[in-house]
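Going by numbering that gives the first Met the number 0, the sequence shown wraps up at 733, each residue one higher than the last.
Every residue gets a Cβ at the ideal spot worked out from N, C-alpha and C, and that includes glycine.
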Amino acid sequence: MKNNRLLAAACVAAIMFISDKLYGVLAIPEPQLQYHELVPLPVSRVYGEEWFCLGKGTTIIAGEGVDFGIQHWFRSAVRRSYPERWALPLPRAYNEIELRYSDAVTAPEGYRIEVEPERIVIEGQDRGGLFYGMQTFLQLLPPGIYRGYEMDEDVYIPSQVIEDYPRFSYRGVLLDVARTFQPKENVMRFIDLMAAHKLNTLHFHLTDDEGWRIELDSYPDLAHIGGFRGGDRPLRSIYGNFGEEYGGYFTKQQLAEIVAYATFRNIEVILEIDFPGHSRAAAKAYPEILCNYRYNTGPTAGDDRRNVWCASREENYRMIEEIIAELAPVFPSKYFHIGGDEVAYGQWRTCPDCKALMAKEKFKEAAHLEDYFIGRVTEILHRHGKSPAAWDETIKRDSLSADGLVSAWSSISTALQSTEKGYKTVVMPGHYFYIDMKQAPEEFGQTWAGVVPAEKLYSFGLERNGFNPAQSRNVKGVEAAFFSELLLPYSTNVQPDYFDYMTWPRIAALAEVAWTDEDRRDWTDFSGRLNASHLDRLTAMGVKYRLEPPVADYKAGRIMILEPYVGEIRYTDDGSDPTEYSPLYTGPITAGDGWDYRFAVFKDGSRSAVVSPKTVKIYNIPSGKQCTFEIPISEIAADTGLWYMRGRTAGMDFRFNRIAFAGNKETQTLVARGQNLNDLHLMRWNVDEDNLDGKATITVTNGGLYDADLILEFEKSPYIQPKVKVTSSLNQNT
Ligand code: TNX
0 MKNNRLLAAA CVAAIMFISD KLYGVLAIPE PQLQYHELVP LPVSRVYGEE
50 WFCLGKGTTI IAGEGVDFGI QHWFRSAVRR SYPERWALPL PRAYNEIELR
100 YSDAVTAPEG YRIEVEPERI VIEGQDRGGL FYGMQTFLQL LPPGIYRGYE
150 MDEDVYIPSQ VIEDYPRFSY RGVLLDVART FQPKENVMRF IDLMAAHKLN
200 TLHFHLTDDE GWRIELDSYP DLAHIGGFRG GDRPLRSIYG NFGEEYGGYF
250 TKQQLAEIVA YATFRNIEVI LEIDFPGHSR AAAKAYPEIL CNYRYNTGPT
300 AGDDRRNVWC ASREENYRMI EEIIAELAPV FPSKYFHIGG DEVAYGQWRT
350 CPDCKALMAK EKFKEAAHLE DYFIGRVTEI LHRHGKSPAA WDETIKRDSL
400 SADGLVSAWS SISTALQSTE KGYKTVVMPG HYFYIDMKQA PEEFGQTWAG
450 VVPAEKLYSF GLERNGFNPA QSRNVKGVEA AFFSELLLPY STNVQPDYFD
500 YMTWPRIAAL AEVAWTDEDR RDWTDFSGRL NASHLDRLTA MGVKYRLEPP
550 VADYKAGRIM ILEPYVGEIR YTDDGSDPTE YSPLYTGPIT AGDGWDYRFA
600 VFKDGSRSAV VSPKTVKIYN IPSGKQCTFE IPISEIAADT GLWYMRGRTA
650 GMDFRFNRIA FAGNKETQTL VARGQNLNDL HLMRWNVDED NLDGKATITV
700 TNGGLYDADL ILEFEKSPYI QPKVKVTSSL NQNT
């Protein structure tokens, strides 16, 4: 035995000696270590000095209790790069990856990865944690592994230790398949993407005015009638070809498959049936659920637009109980989301039965019928072992039971109230978290909550929005909402590219808000990691994410692209849209008179929105402060003519107190008595001989709770006016 050891030691010494010589003589190159950035940012990551070689002969072993399914998932995710290797019997006890549970990791969903030269250990506190350890491990490999095709080179992973656990226990995304249906495969693809970002809750918005997406045994017409629009269907179409029927629904079997697929990936699915409002689709199938009065649609309109369940009709509660009884077992989540938003009380006020109920219960206002309704549905949920989740309207008069979960969507202040009242709360105000909003003023999307670029979403923080420690403890997490009224802009089919464009990379930003501590998050750092590594992963996963357009800054005859950007920038100088064959931007451009430059980013076959140069000024405004800037007009306007100015900020509560452009004789005052900053607002002003050497005076107040940048953009108006825009007079919610 002893001799054997001595022999082994001698061999090792000899090999080391020889290999040392070999390195010296043959100059064998050092292996190319793979350094990849992580999204979301882990709690800690410390590099060592050596590496692990993942390649021929790497074994994956699993410790006690690691289920076969998750092992298989991991093996096949990694195996993509090494097609045939895992088929070999591998007896060696080094060069292995071990998956295991460990008490050393203490936080729920936490994990630890240790990469050493001979061994990688991925350990989790629980199944979710182990799964996230595997997800992070995949991010240590070249992005190409997500593409599913094989790379046969060895991968050298630098030694390192990663320790990680989530900031919030609820990390959600709302997917609205009611307005625009998406088939099971799309939902599963989305679940995979969520899982890769360590998101763990899918808020599945399955019913609304525009569609009911669940087939039930008890009330089949909810789906068979309420699941389709257009053509001869009672529900009218939105956009597109009005003669064509479109839509769809899930069977309970399909929903169970989606839930199983999600559960496997540590994602809880919370279904939402939006009661008592937002129910026009249900009412088209079962009109008796509506209030008992004749709706005057006029001689030609013919469309009964009522959408609220009658609060006084006893049969409605029986029907709701049957619906809940059928669905409760399909969705194992403790929570069942019952909606409760935007109830049009007018219908209850008109209904004689509801009026009678109000009189009987001594309700002064129709709003109390909502409390009554929510109370009745909550009783039903409790009977079926569920707790209610609901929109924040339900906390106004505390109609939500104490075990309820609040989706705080209306504003920061409702989220503050909800947490103050002691409700477990998911913070998701539209101004930060609605990813159906536009990402830039000139791009596509909803606007009611303003412009919500990834940076705005990323800037969310509890402390900076005024949550005290007690309130913060009631925050269960955050959620991004993708409502899909606009998913069908020009056809009756889902536009997959548009869906990706709206959701990514904003959801990556959300994932980091949900996972990483507020004080460790930094937008510049995040967008650097995105550009360096993460966008390539999304590309490999087949995601057509939005490319951030460049910022082309015009100053004193020079156009310069401001950092950061990814991919290539191409441009034109004749006002046309750049293509992949247009000249490549390589450095500042000297612009002559009468220029009309256009720029766009190109990457992996996609193009960003097209932008024209602007003069950009950025000022950091401290929280609660009023600041005044004087800017020589010659710095922001190159020549005479009509100019535009726009203010932008990722902060909240910015206000222009005064904006004036002074010349020698005249002053143009754009804002005299104060006006809130609105990213969508283009202000016009004129430059002529009188004010070309004058100055602009801008006074602004940051009423928000944290310091934020104010970005001022100055742009010459396009030469041909007005810009041709295709618009529609159709109401998108019809
Ligand atoms: C508000 S979120 C809604 C949705 C719309 C969405 C559009 C909520 C409770 N109500 O019904 O789809 O805005 O952005």
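Only counting runs of 3 or more residues, tell me where the beta strand (DSSP E) segments fall wholly within the segment 87-173, in order along the chain.
Taken in chain order, the unbroken stretches of beta strand (DSSP E) that lie wholly in the segment 87-173 and span 3 residues or more are 95-100, 110-115, 118-123, 154-163.
Since Asp220 is in the alpha helix (DSSP H), which residue starts that stretch and which ends it?
The residue you call residue 220 lines up with position 221 of the sequence shown. Its alpha helix (DSSP H) spans residues 220-223.
Looking at Arg228 and Glu214, is the spacing between their C-beta atoms short of 8 Å?
Looking up residue 214 in the sequence shown gives position 215. Looking up residue 228 in the sequence shown gives position 229. It is not a contact, given that the beta carbons lie outside the stated cut-off.
Spatial neighbours of Asn690 in its chain, beta-carbon cut-off 8 Å, leaving aside the 5 residues before and after
Residue 690 sits at position 691 when you count from the first residue of the sequence shown. Cβ neighbours of Asn690 beyond the five flanking positions: Ile632, Phe660, Ala661, Gly662, Asn663, Glu665, Gln667.
Local conformation of Tyr81 per DSSP, three classes:
Position 82 of the sequence shown, counted from the start, is the residue given in the question as residue 81. Because Tyr81 sits at a pLDDT of 49, beneath the cut-off of 50, its placement in the model cannot be relied upon, and the following sentence gives the value as read from the coordinates. The answer is coil: DSSP assigns Tyr81 none of H, G, I, E or B.
Confirm, please, whether the CB-CB distance from Val474 to Pro549 is below 8 Å.
Taking the sequence shown and counting its residues from 1, one reaches residue 549 at position 550. Taking the sequence shown and counting its residues from 1, one reaches residue 474 at position 475. Between Pro549 and Val474, the C-beta spacing is not below 8 Å.
The beta strand (DSSP E) spanning Gln476 covers which residue range?
Sequence index remark: in the sequence shown, residue 476 carries index 477 (1-based). In the sequence on display, residue 476 carries Gly and not Gln. Element bounds for Gly476: 474-481.
Does any heavy atom of ligand 1 sit closer than 7 Å to the C-beta of Trp72?
Counting from 1 along the sequence shown, the entry for residue 72 is found at position 73. Taking the Cβ of Trp72 as the reference point, every heavy atom of ligand 1 lies at 7 Å or farther away.
Inter-residue Cα distance where the pair is Tyr110 and Asp125:
Stepping through the sequence shown from its first residue, residue 110 is reached at position 111. Stepping through the sequence shown from its first residue, residue 125 is reached at position 126. Their Cα atoms are separated by approximately 8 Å.
Buried or exposed (CB count within 10 angstroms, at least 16 for buried), Tyr570:
As a position in the sequence shown, residue 570 is number 571, starting the count at 1. Result: buried.
So Trp211 packs on Ala103, CB below 8 Å; how close in whole Å?
Within the sequence shown, the letter at position 212 stands for residue 211. Within the sequence shown, the letter at position 104 stands for residue 103. Rounded to whole angstroms, the Cβ separation of Trp211 and Ala103 is 48 Å, and the two are not in contact under 8 Å.
Within 10 Å of its beta-carbon, does Ala401 have 16 or more other beta-carbons around it, so buried, or fewer, so exposed?
What you label residue 401 is simply residue 402 of the sequence shown in a count that begins at 1. Its Cβ having fewer than 16 others within 10 Å, Ala401 is exposed.
Cβ-heavy atom distance, Trp347 to ligand 1, below 7 Å:
Along the sequence shown, one-based indexing puts residue 347 at 348. Answer for Trp347: no, Cβ out of range of ligand 1.
Burial state of Val24 (16 or more Cβ within 10 Å)
As a working mapping, residue 24 is identified with position 25 in the sequence shown. Here Val24 scores only 49 on pLDDT, less than 50, and its place in the model should not be relied on; the value that follows carries that caveat. Around the CB of Val24, fewer than 16 other CB atoms lie within 10 Å, so the residue is classed as exposed.
Note down the Cα distance separating Asp191 from Arg264, rounded to an integer number of angstroms.
Position 192 of the sequence shown, counted from the start, is the residue given in the question as residue 191. Position 265 of the sequence shown, counted from the start, is the residue given in the question as residue 264. Going from the Cα of Asp191 to the Cα of Arg264 covers about 8 Å.
Mind listing, in chain order, the continuous alpha helix (DSSP H) runs of no fewer than 4 residues lying wholly within the segment 631-707?
Entirely contained in the segment 631-707, the alpha helix (DSSP H) runs reaching 4 residues are, in chain order, 632-635.
Looking at the secondary structure, which residues open and close the beta strand (DSSP E) in which Ile59 lies?
As a position in the sequence shown, residue 59 is number 60, starting the count at 1. Taken as a continuous stretch (DSSP letters only), the beta strand (DSSP E) holding Ile59 covers 58-61.
When you compare the CB positions of Ala590 and Ile560, do they come within less than 8 Å of one another, or not?
By one-based count along the sequence shown, residue 590 stands at place 591. By one-based count along the sequence shown, residue 560 stands at place 561. No Cβ-Cβ contact shorter than 8 Å links Ala590 with Ile560.
Kindly identify the DSSP beta-bridge partner or partners of Leu404.
As a working mapping, residue 404 is identified with position 405 in the sequence shown. According to DSSP, Leu404 shares a beta bridge with Ala388, Lys423.
Measure from the alpha carbon of Phe335 to the alpha carbon of each residue in Ala195, Gly384, Trp50, Arg178, then state which is nearest.
Position 336 of the sequence shown, counted from the first residue, corresponds to residue 335. Ranking the options by Cα distance to Phe335, first place goes to Gly384.
Arg74 versus Thr446 - alpha carbon distance
What you label residue 74 is simply residue 75 of the sequence shown in a count that begins at 1. What you label residue 446 is simply residue 447 of the sequence shown in a count that begins at 1. Distance between the alpha carbons of Arg74 and Thr446 is about 44 Å.
In angstroms with no decimal places, state the Cα-to-Cα distance between Leu676 and Pro351.
Residue 676 sits at position 677 when you count from the first residue of the sequence shown. Residue 351 sits at position 352 when you count from the first residue of the sequence shown. A direct Cα-to-Cα measurement between Leu676 and Pro351 gives close to 46 Å.
Report the option in Val65, Val477, Asp496 whose CA atom is closest to the CA atom of Leu485.
Counting from one through the sequence shown, the residue named residue 485 turns up at place 486. Considering only alpha carbons, the answer is Asp496.
Cα-Cα separation between Gln674 and Ile635, rounded to whole angstroms:
Numbered from its first residue, the sequence shown carries residue 674 at position 675. Numbered from its first residue, the sequence shown carries residue 635 at position 636. One C-alpha to the other measures close to 22 Å.
Nearer than 7 Å: is that true of the beta carbon of Asp340 relative to any heavy atom of ligand 1?
Along the sequence shown, one-based indexing puts residue 340 at 341. Correct: Asp340 has its Cβ closer than 7 Å to ligand 1.
Which of the three DSSP states is assigned to Lys543 in this structure?
Counting from one through the sequence shown, the residue named residue 543 turns up at place 544. If DSSP states are grouped into helix, strand and coil, Lys543 belongs with coil.
Please return the same chain residues whose Cβ sits closer than 7 Å to the Cβ of His35, not counting the five positions on each side in sequence.
What you label residue 35 is simply residue 36 of the sequence shown in a count that begins at 1. Within the same chain, Gln138, Leu139, Ser532 come within 7 Å of His35 by CB-CB distance, once the 5 residues on both sides are set aside.
Say the cut is 7 Å; is the CB of Ala480 nearer than that to a heavy atom of ligand 1?
Position 481 of the sequence shown, counted from the first residue, corresponds to residue 480. For ligand 1, at least one heavy atom lies less than 7 Å from the Cβ of Ala480.
Kindly indicate which residue of Leu129, Ala222, Ile156, Asp572 has the alpha-carbon position closest to the one of Glu117.
By one-based count along the sequence shown, residue 117 stands at place 118. Across the set Leu129, Ala222, Ile156, Asp572, the C-alpha of Ile156 shows the shortest separation from the C-alpha of Glu117.
Is DSSP giving Leu561 helix, strand or coil here?
Taking the first residue of the sequence shown as 1, we reach residue 561 at position 562. Note: Leu561 maps to strand in three-state DSSP.
Could you tell me if the beta carbon of Glu442 falls within a distance shorter than 7 Å of some heavy atom in ligand 1?
Here residue 442 refers to the residue found at position 443 when the sequence shown is read from its first residue. The nearest non-hydrogen atom of ligand 1 is 7 Å or more from the C-beta of Glu442.
Opposite Asp175 in the DSSP bridges: which residues?
Here the question's residue 175 lines up with position 176 in the sequence shown. Per DSSP, His204.
Do Arg657 and Val670 have their C-beta atoms within less than 8 Å of each other?
The sequence position of residue 657 within the sequence shown is 658, counting from 1. The sequence position of residue 670 within the sequence shown is 671, counting from 1. Taking 8 Å as the Cβ cut-off, Arg657 and Val670 qualify as a contacting pair.
Length of the line joining the Cα atoms of Ile112 and Glu49:
Counting from one through the sequence shown, the residue named residue 112 turns up at place 113. Counting from one through the sequence shown, the residue named residue 49 turns up at place 50. Roughly 15 Å separates the two Cα atoms.
Per DSSP, what kind of secondary structure is Asp524 in: helix, strand or coil?
The residue given as residue 524 occupies position 525 in the sequence shown. Residue state, collapsed to three classes: helix.
Please report how far the alpha carbon of Tyr422 lies from the alpha carbon of Leu404, in whole angstroms.
Position 423 of the sequence shown holds residue 422. Position 405 of the sequence shown holds residue 404. Between Tyr422 and Leu404, the C-alpha separation is close to 7 Å.
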